[in-house]
Each structure stands twice: as C-alpha cells, then as structure tokens.
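Everything in the sequence shown is counted per this note's numbering, starting at 1 for the first residue and increasing by one. Where a beta carbon is used, it is the ideal one built from N, C-alpha and C, also for glycine.
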Amino acid sequence: MTRGSSLHVEELRMAFGHGPQEHLVLDGLSLRVDPGEAVCIVGPSGAGKTTLLRCLAGLTRPTSGAVRYGDQSLTEPHADIAVVSQDYRGSLLPWLRVWDNVAFPLQGRGVRRAERKRRALDCLAAVGLPDVGDKYPWQLSGGMQQRVAIARGLAYDAPVLLMDEPFGSVDAQSRFDLEDLTLELRRRLGITVVVVTHDIDEAVYLGDRVIVLGGKPTAVLETLAIPLGTDRDQLSTRADPRFAELRTRVLSLIRGERAPGTGTDTDTDTDTDRDPAQSPDKTVGADRTGVA
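Pasting the structure below:
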C-alpha cells in the first residue's frame, strides 16, 4: 500500500552569498514526486543535487520558490521524511551499539527505551541484519554499516526516504546488494524513495524516473521515464537493451551531447498529470557509468 503525500518543488531558486558575491546554484527548478514513486536525481558535480535534497528534507530554506509535502510548506524537517546521508562513517556514533544508533532518532519523540529497542531490531531485520544489534558500528563491514544507516531511516516509520549518494562509500558487490535492498523495501513498505546519485547505472536501475539536472545555474534538463518494470534484478535488467539506451541518453545529457538516434522533438512525455509549474518532461522509451 502506497503511503504519504506528493513532494512538489515550484520555481526553486537557491543562492549563496550576497550582492556581487552571490552564487546562484538553482534557478527556476520545478519537479514533482508522487507517493510510492522512486525518483533518481543525477547531474554533474556542483549542480546542486545535495542542496536540492536538503530543501526536500526541510533542512535548507530556498532563497525563493516553494517546496511542499502535500499541502504543507516544507520549511523545517517533517516527521514523514527520513534522510540517509552519503557517509555512514560520519552518521553512525561509534560509542553506541548498533541498535542504539538505529533507535537514536526516536529518543526525541518520547518513545520508551524498550519500545525503541524493539523497533530498532525490527528495522535491522528488515535490512537483513537481525543479529548485529548488540555490536558496535566499527565491528561491521562498510556495506553492513550502510544497512544500519538505512535501518535508522526506517525507524522513523516515514513514508518518504531521501537518500544522498547512499552507496558511494561501499564496494561494488555491496552496492548491488544495497540497490536491491532499496527496491525490496520500497515494494514491501510502500514508501517513496528519492535518490541523489552520480552513478548513472544506479539511477536507471532504481528509478521509475530519472531527473537530469544541468546548466549554470542549475535547472531540470530532462526527465526520463524508466519503463523497465518493477521486478528488476542485477543481471537481466542490466542486460536489457533499453537499459543501455537509457544510460546513454542520461550520459549524453550530462555531457551536453545528444544521444545518437534520439531527438527531443520525438521524446516528449505524454504524462499531463505532472506539476504544471514544470516544463513538459521529455522521455525516451533510458560497465556502470558515473559522473564526477
């Protein structure tokens, strides 16, 4: 069952500094994420992907424009929105046991210790770590530590999970496992997932849509629908010719090129339910590639 409300970004403008020192990062950026959807955001280094995610989380206020969750304006963190950061080493507290790390966000909500532990252990089981609750983070591998970070995001019982470069610090096999875990959790829990990533293959593998950012200042270059179904796996999905086509299209957009055989005149999305503040999405029918 799908949970939560839609996320809307409307004419977002984000600048740092003032006067002649002002640096405009995001300008006129609009997008929408529907309940239960998986959306991946990619773009070149310095495009403001993490800044956008912080605005979606209510952690950063934009210079102008609006970020809404349902009919609520997001000007501070919301109980329905959890965040998994890009560096598990910096987000886990080494002096706390694993279950205490997972339960840490619940302390400020007045949840009793016994209930916090029960929920933490349930979340650890959900990410495939039922037996590590009494260990310390430094006793776990990098991939296991990132699973703990995801479990902590689940502890909020939030219907929206925002992930900022969540698998960039783990080895390739752990990355594949964590990608599959994310797909499984989304299906099982009915949550909305928004992933910021520099890894194009990861974006195409995880997303229902991929939003490509670019330009100076940054705006939405194109939004690609990913018609690869919901039952994806690392072998057959990546071997699908459509996967290669989509990753080539995303890479060409980021590098400022047009993919061979594609053109924006014929690749227009016909989904008229998208945010009217957004220009029409353009869609193509989308070795692992990353952007620096």
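Roughly how many angstroms separate the alpha carbons of residue i and residue j, rounded to a whole number?
| i | j | result |
| --- | --- | --- |
| Gly-90 | Val-127 | 20 Å |
| Leu-59 | Ile-150 | 19 Å |
| Val-132 | Arg-68 | 37 Å |
| Gly-261 | Asp-208 | Interpretation of Gly-261 is limited by its pLDDT of 43, a score under 50 that renders its predicted location unreliable; the figure taken from the coordinates is listed afterwards. Whole-angstrom Cα-Cα distance: 23 Å. |
| Tyr-88 | Trp-95 | 14 Å |
| Lys-282 | Leu-52 | Residue confidence is low: Lys-282 scores 40 on pLDDT, short of 50, so the model does not pin down where it sits. Its coordinate-derived value is still stated next. Those two C-alpha atoms are separated by around 21 Å. |
| Ala-295 | Leu-251 | Residue 295 lies beyond the range of the chain shown here (1 to 292); nothing can be said about it. |
| Asp-271 | Val-111 | Because the pLDDT at Asp-271 is just 36, under 50, the model does not fix this residue reliably, and the point stays unresolved. |
| Trp-35 | Pro-137 | It should be pointed out that residue 35 corresponds to Pro in this sequence rather than to Trp. If I take the Cα positions, the gap works out to 32 Å. |
| Gly-4 | Glu-184 | 18 Å |
| Phe-104 | Arg-152 | 8 Å |
| Ile-191 | Glu-37 | 8 Å |
| Ile-254 | Pro-44 | 6 Å |
| Val-210 | Arg-118 | 36 Å |
| His-18 | Val-212 | 28 Å |
| Arg-188 | Ser-174 | 21 Å |
| Leu-129 | Glu-165 | 21 Å |
| Gly-256 | His-198 | 16 Å |
| Pro-20 | Ile-200 | 35 Å |
| Thr-2 | Gly-70 | 14 Å |
| Asp-122 | Ala-114 | 12 Å |
| Lys-216 | Arg-116 | 45 Å |
| Thr-303 | Ala-172 | Nothing about residue 303 can be reported from this structure: the residues present for the chain run from 1 to 292 only. |
| Phe-243 | Asp-231 | 14 Å |
| Ala-259 | His-23 | At Ala-259, the pLDDT of 46 sits below 50, so the modelled position is not reliable; the number obtained from the coordinates is stated separately. Their Cα atoms are separated by approximately 31 Å. |
| Pro-227 | Asp-240 | 11 Å |
| Arg-109 | Gln-139 | 28 Å |
| Asp-180 | Ser-30 | 29 Å |
Inspect the beta-carbon positions of residue i and residue j and report whether they are closer than 9 Å.
| i | j | result |
| --- | --- | --- |
| Gly-293 | Ala-66 | The structure shown has nothing for residue 293, since the chain only spans 1 to 292. |
| Cys-40 | Leu-12 | no |
| Phe-176 | Gln-234 | yes |
| Gly-42 | Ala-203 | Here residue 42 turns out to be Val, not Gly, going by the sequence shown. For Val-42 and Ala-203, yes; Cβs fall inside 9 Å. |
| Gln-72 | Gly-168 | no |
| Phe-16 | Val-9 | no |
| Thr-50 | Val-193 | no |
| Arg-97 | Lys-135 | yes |
| Thr-237 | Tyr-205 | yes |
| Ser-64 | Arg-32 | no |
| Leu-221 | Leu-246 | no |
| Ser-99 | Leu-74 | For the record, residue 99 in the displayed sequence is Trp; it is not Ser. Result no, Cβ atoms of Trp-99 and Leu-74 do not sit closer than 9 Å. |
Report the residue from the options whose alpha carbon sits nearest the alpha carbon of residue i.
| i | options | result |
| --- | --- | --- |
| Val-102 | Gln-145, Thr-63, His-23 | Gln-145 |
| Ala-219 | Ala-244, Asp-100, Leu-129, Gly-28 | Gly-28 |
| Pro-77 | Arg-32, Ala-57, Pro-62 | Ala-57 |
| Met-14 | Ala-125, Ser-30, Leu-140, Pro-62 | Pro-62 |
| Val-170 | Ser-30, Ser-141, Thr-182 | Ser-141 |
Just to check my reading of the structure: residue i and residue j have Cβ atoms closer than 8 Å, yes? What is that Cβ distance to the nearest angstrom?
| i | j | result |
| --- | --- | --- |
| Val-148 | Leu-92 | 6 Å |
| Gly-143 | Leu-178 | 7 Å |
Would the segment 157-167 and the segment 75-88 be scored as touching if the rule is three or more Cβ pairs under 8 Å?
yes
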